[in-house]
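Peer 1: Here's a structure for you.
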Ligand SMILES: *[C@@H]1O[C@H](CO)[C@@H](O)[C@H](O)[C@H]1NC(C)=O
Ligand SMILES: *[C@@H]1O[C@H](CO)[C@@H](O)[C@H](O)[C@H]1NC(C)=O
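Numbering (UniProt numbering), first residue to last: 1 to 424.
Right, here's the structure in full:
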C-alpha cells in the first residue's frame, strides 16, 4: 500500500474495523438465538432503573394507570397497563386517587375496570408496541397520554413475553412470532370475553413490530382457523366463534414482511442490516433465507380482507407513516397499501381516491409521494386508507395528533374522510 497520511491511515483502519464488525454481526445473525435477540431486542430496556409499576414516574396522574398481570392462553404472565381517559378520571378523581394501587393481579378488582364497565360509551384502544423496551419506554407514554385525551377512550397495553417484567416460561424461552401473536390474541380475548367489552368499540393499534401483532390479532378474530397464522399459536378459551368486527385496525410504520424490511431497515435510523449487500444478491438472499420469523403482515392483511368479505364483516384498516421515518421507509407502507388495494380493484362499485403531493426542496423524498390514498367497497363494509404525514419519525409519531385523529375517526365510523393535508 502506498504510504498514507496518518489521518487517512487511521480512518482506513476505522472503516475496516467497522466493516468487520458489521460482517461479524451478519454472520452471528444466522444463529437463531442471536437473530431473535437482535430482532426482538427485548433485553434492551430501562426497567432496571425506572419503576414501571409506578406510572406517575412517566407523567400520569395518580391512579390514572393501573399496572396489572394478564395470564395468556399458554400461561405466561404479561405485565400490562390500563390507562384511564382524562374525562373519566376528572369525573371520578377522588375515588381513583384513594383507591390507587401498584401492580394488581386481577384487573377486574380495580376501580379502573369498574369505570370501563359501567360507562355505556366506553371505548378501548388495544396498543401493541414495537420491538425493544417495555410499556413505558421512550415515547410510548406520550402515546397513551395523547389517546387518554379522547373522551371515554381507555388504553390497554402489555409487554410481550420476555419483554420488561413479562415472563417467558415456555420454550424456546425467547420471544418468537407465534409467542407474541399468542400474547396479542390473549389480551384481545381477555378484553372481549372476560371483560365483555364490545369489539365495535375497540381499536387495535400497532406501531413498527407491533403492526405485525396487531394485524395477526385482527386476522385471528376474523378467521381463527386461518392458515396464514403460525400453527403453533396457543388458542384462547373460549375460541372466538364468529367473525369479529373491530372499530378499526390502525397500523403505524408497517412493512410487508421482515425479509423485505431488512433490505432497507436501519437500526435506530443509522445502522443498516442488509442494505449494503445490494450489489451481492446471493449473500443477501442467503441471509434472508435464514430468517426464522418472517412477520408476513401483507399476506395476513390480505387474508383479513378476504375473510371479512366472505363473512360480510366490516373491516377498516388505516395505515399511517411519517415521511421522515429514518428506520422504516414510508415506501414500505405504500407497498402494503398497494398490496391491499389490488384486492378491491375489479369489484363493483369500488371507490378509490388519492391525493398526490409534489415535494420540492431538500427533503429525503423524491417528487410524487402519495399523501393520502383510500379504497373502499361499494357498501362501505371494507376500507383501507394510507396517510403519509410529514413529521414524527419512527417512534414519536404515535403520540402525535394524526394518530389520535385516526383513532377518533375509527370510533366515529368516519370512513374515507379526506384528512386535513398540510400544504407546502
Ligand atoms: C414501584 O412502585 C410501586 C408503586 O408505587 C411500589 O409499590 C414499589 O415498591 C416500587 N418498586 C420499587 C423497586 O421501588
Ligand atoms: C404478577 O406476575 C409476576 C410474574 O409472574 C409475579 O412475580 C407477581 O407477583 C404478580 N403480581 C401480582 C400482584 O399478582
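Where is the CB? At the ideal position from N, CA and C, for every residue including glycine.
1. Are the beta-carbon atoms belonging to residue 199 and residue 245 less than 7 Å from one another?
2. Assess contact between the segment 266-282 and the segment 211-227, defined as three or more Cβ pairs (one per stretch) separated by less than 8 Å. Is contact present?
3. Can you give me the C-alpha to C-alpha distance between residue 285 and residue 299, rounded to a whole angstrom?
4. To which residues of the same chain is residue 195 closer than 6 Å at the C-beta, ignoring the five residues directly before and after it?
5. Measuring straight from C-alpha to C-alpha, what distance separates residue 363 and residue 114?
6. Cα separation between residue 181 and residue 23?
7. Could you check how far apart the C-beta atoms of residue 381 and residue 312 are, in whole angstroms? I think they sit under 8 Å.
8. Around the Cβ of residue 17, are there at least 16 other Cβ atoms within 10 angstroms (buried) or fewer (exposed)?
9. What number of angstroms, rounded off, separates the C-alpha of residue 192 from the C-alpha of residue 347?
10. Tell me whether residue 320 is buried or exposed, calling it buried when 16 or more other Cβ atoms sit within 10 Å of its Cβ.
11. Starting from the N-terminal side, write out each stretch of the alpha helix (DSSP H) that is 4 residues or longer and does not extend beyond the segment 161-216.
12. Would you give the residue range spanned by the beta strand (DSSP E) that residue 127 belongs to?
13. Write down every uninterrupted run of the beta strand (DSSP E) in the segment 32-99 whose length is 3 residues or greater and which is fully enclosed by it, in chain order.
14. What are the boundary residues of the alpha helix (DSSP H) that includes residue 283?
15. On the three-pair Cβ rule with 8 Å, is the segment 144-152 touching the segment 182-190?
16. Comparing C-alpha positions only, which one of 162, 218, 189, 95 sits nearest to residue 315?
17. In whole angstroms, give me the CA-to-CA distance for residue 407 and residue 105.
18. Only counting the same chain, and skipping five residues up and downstream in sequence, which positions put a Cβ closer than 7 Å to that of residue 140?
Peer 2: Checking against the coordinates, here is how it stands:
1. yes
2. no
3. 20 Å
4. none
5. For residue 363, the pLDDT reaches just 46, beneath the cut-off of 50, and the residue's location in the model is therefore unreliable, although a value from the coordinates is still provided. Going from the Cα of residue 363 to the Cα of residue 114 covers about 49 Å.
6. 31 Å
7. That belief holds up - the Cβ atoms of residue 381 and residue 312 are roughly 7 Å apart, short of 8 Å.
8. exposed
9. Each residue's alpha carbon lies about 32 Å from the other.
10. The residue is buried, with at least 16 neighbouring Cβ atoms inside 10 Å.
11. 177-189
12. 123-128
13. 65-71, 77-83
14. 281-289
15. no
16. 218
17. 29 Å
18. 129
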